[in-house]
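Okay, so here's the structure we're looking at.
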Amino acid sequence: MEEIIKTLPQHTCNWLKGKITMYKYQDFWTIKHLLEGGILAQQSFKAEPSDVFLCSAPKTGTTWLKSLAFAIVTREKFDESTTPLLTKFVHECVPFLEKSQVEEHENNRKNLSLPLIATHIPYASLPESVISSNCKIVYIYRNIKDVIVSHYHFLREGLKLPMEDAPFEEAFEEFCQGVSGYGPYWDHVLGYWKASLERPDKILLLKYEDLKSEPKSNVKRLADFIGCPFSVDEEKAGVVDNIIRFCGFENMSNLEVNKTGKRNGSVSENRIYYRKAKDGDWKNYFTNEMKEKIDKLTDEKFNGTGLQRQTAFGRKEFLFGSNIACEGLPKTNSFRRFSSAPKTKTKTSEVYPLSKTVAEHFYSTKGTHQTSILSKYKGLQRQTAFGRKEFLFGSKIACEE
Numbered sequence: 001m002e003e004i005i006k007t008l009p010q011h012t013c014n015w016l017k018g019k020i021t022m023y024k025y026q027d028f029w030t031i032k033h034l035l036e037g038g039i040l041a042q043q044s045f046k047a048e049p050s051d052v053f054l055c056s057a058p059k060t061g062t063t064w065l066k067s068l069a070f071a072i073v074t075r076e077k078f079d080e081s082t083t084p085l086l087t088k089f090v091h092e093c094v095p096f097l098e099k100s101q102v103e104e105h106e107n108n109r110k111n112l113s114l115p116l117i118a119t120h121i122p123y124a125s126l127p128e129s130v131i132s133s134n135c136k137i138v139y140i141y142r143n144i145k146d147v148i149v150s151h152y153h154f155l156r157e158g159l160k161l162p163m164e165d166a167p168f169e170e171a172f173e174e175f176c177q178g179v180s181g182y183g184p185y186w187d188h189v190l191g192y193w194k195a196s197l198e199r200p201d202k203i204l205l206l207k208y209e210d211l212k213s214e215p216k217s218n219v220k221r222l223a224d225f226i227g228c229p230f231s232v233d234e235e236k237a238g239v240v241d242n243i244i245r246f247c248g249f250e251n252m253s254n255l256e257v258n259k260t261g262k263r264n265g266s267v268s269e270n271r272i273y274y275r276k277a278k279d280g281d282w283k284n285y286f287t288n289e290m291k292e293k294i295d296k297l298t299d300e301k302f303n304g305t306g307l308q309r310q311t312a313f314g315r316k317e318f319l320f321g322s323n324i325a326c327e328g329l330p331k332t333n334s335f336r337r338f339s340s341a342p343k344t345k346t347k348t349s350e351v352y353p354l355s356k357t358v359a360e361h362f363y364s365t366k367g368t369h370q371t372s373i374l375s376k377y378k379g380l381q382r383q384t385a386f387g388r389k390e391f392l393f394g395s396k397i398a399c400e401e
C-alpha cells in the first residue's frame, strides 16, 4: 500500500501551517491514514444486504444523521435513559468504514437489527460489495457555503490553530480548487445523486436544510427507508418528536461525552463535532467576491446535469446551466408539466398555477422583475439550499431567481 501512496499527487495545506498533507486517489483528496483505510476497505470489506450505509462528504450533517439513524434503529432496545449515545461518542456507535477494523462492523451486525456503517468515500470508490450486495444507502448533503465554513473550523480546531494563524481566504481557495476532505465537493454530491436516480429504491438523498426545516417528515422518511417505520401508536406517543429532540444540537452538544470526551485513538475532543449547526453562517465569513465565485463554480459544475434541487417547501427544481425549472408547472409555451427533469425551459416573470396544495407560483428572472411581484406581499422568507429565496403566503409561494 505504501508503494501505491508514494505515486499519488500530494498537496500540503499551507493555511494549516503545513500540518496536513492530502493525497489524490481515484479523483478525490484525503489524508494518509484515511486513504489507507479506504484502500483496505476496497480490498477486503464484504457488505451484507442488511447493511445500511450512512454516506456524506465531511461537514454536511454526518454526526446528526448518525445520531438519528442510531436512535431510530435501537429505539426498541434503548430509551433516553439507557441509550449508548449518553456515554459513547456517536462515531463509535456508528463506525466509519475507512477508520474501523472489520471486527467493529461484525460486532455491529450482531448487536443491531439493522447494521449501520458510515463513510465519506465517494460513490465511485465504494467497495464493490456495497453496490453488489444491494444494501441501502442514505446520503446527506448541504449548502456548499456552510460546508466550507464548517470544514475550515473543524480542521483548524482539530490542529488547535487560532483563526489569525489559519487564513480563511486560503482555506476557501483550496476548497474551490477541489482540495478538501474527499473533495471536490461537487463531484461527491453528483456521484451519489446520479446513483440515486439509477437506484431510487436503494439510495435516499437527504438535504441538511430540509432536515432542519421539516425534521419530523424527514425523520419519518429516513425511518421508512431503512426499514424501521414508526407505528401510529409511536407517533401518538411522541416517539418521533423525542428522537428529534434528543438527537438535536442543543441536547447532544451538552452531553458530557460530547463536551469533554475523546474518541479512542483520537487527539481531538468530541466537542469539535458540535460547533453551531446553523444555516447561513457563511454570511459571517464570505465577501461578495467569494459568494460570486462559489456560486459561479457551482453552476458550472452542475451545468447540464439536470441536478435535482429540493426547496425548503418541498418542491423540486432542476438546474440546467443558468436556468431552473420548477416541478408542478402546467403546460405552457415556456414550460410543460413533468415528473422528471424537462429537456428545455425558459425563465419567466409570469404567474403560473401549481397543484391544488400550492395555488400559485411566481417565477421571475434575475434583476428587478421579482421586486415588483414580491413587494406586493408580506410573507415568510425561506432560503433554499442553493441560495435562492422563497416567500410563503398562505397557499402561495414566490420564488426568487
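With the UniProt record's numbering, letter number 344 in the sequence shown gets 344, and the count goes up by one each step, no holes.
Cβ coordinates follow ideal geometry from the N, Cα and C atoms, glycine included.
All values derive from a computational prediction rather than experimental measurement.
(Q) Measuring alpha carbon to alpha carbon, tell me which residue in I20, F302, Q10 is nearest K194. (A) F302
Q: Measure the Cβ-Cβ separation of I31 and K145 and say whether it is below 8 Å.
A: no
Q: Using 10 angstroms around the beta-carbon of G181, count the other beta-carbons present and answer buried if the total reaches 16, otherwise exposed.
A: buried
**Q.** Proximity winner among Y185, A41, D224, E98, relative to N143 (alpha-carbon distances)
**A.** Y185
(Q) What residue range does the alpha helix (DSSP H) around V73 cover? (A) 62-73
Q.
From the DSSP secondary-structure annotation, give me the bridge partner or partners of Y192.
A. BP columns for Y192 are empty, so no partner.
**Q.** Residues of its chain near V52, where Cβ-Cβ distance is below 6 Å and the 5 sequence neighbours each way are ignored
**A.** L114, L116, K136, I226
Q: Could you name the residues that DSSP lists as bridge partners for K262?
A: E269
Q: For M290, name the three-state secondary structure that DSSP assigns.
A: helix
**Q.** Between the CA atoms of K296 and Y274 - distance to the nearest angstrom
**A.** 30 Å
Q) From P84 to N288, what does the alpha carbon distance come to, in whole angstroms? A) 44 Å
**Q.** Alpha-carbon to alpha-carbon, G191 and K6
**A.** 27 Å
Q | CB contact below 8 Å: D295 versus chain C | A | Although the question refers to chain C, the structure presented lacks it and comprises just one protein chain.
**Q.** Nonlocal neighbours in the same chain, by C-beta distance under 6 Å from R109, ignoring five residues either side
**A.** P115
Q: Within the same chain, show all residues whose beta-carbon is closer than 8 Å to that of C176, passing over the 5 residues directly before and after it, in chain order.
A: K293, I294, L297
Q: Output the distance between the C-alpha atoms of E80 and H11, rounded to the nearest integer angstrom.
A: 44 Å
(Q) Taking contact to mean 3 or more Cβ pairs, one atom from each stretch, closer than 8 Å, check whether the region 145-159 and the region 276-290 are in contact. (A) yes
Q. Going by other Cβ atoms of all chains shown within 10 Å of its Cβ, with 16 needed for buried, is A57 buried or exposed?
A. buried
Q.
By alpha-carbon positions, which one of S44, M290, W29, T60 ends up nearest to F172?
A. M290
**Q.** From Y123, M163, P95, residue whose alpha carbon lies closest to that of T62
**A.** P95
Q) Excluding sequence positions up to five away, which residues of its chain have a Cβ less than 8 Å from the Cβ of E48? A) R109, P115, S133, C135
Q. In whole angstroms, what is the alpha-carbon distance linking A71 and L222?
A. 11 Å
Q. If we count the other Cβ atoms within 10 Å of its Cβ and call it buried at 16 or more, is V203 buried or exposed?
A. According to the sequence shown, residue 203 is Ile rather than Val. Buried is the call here.
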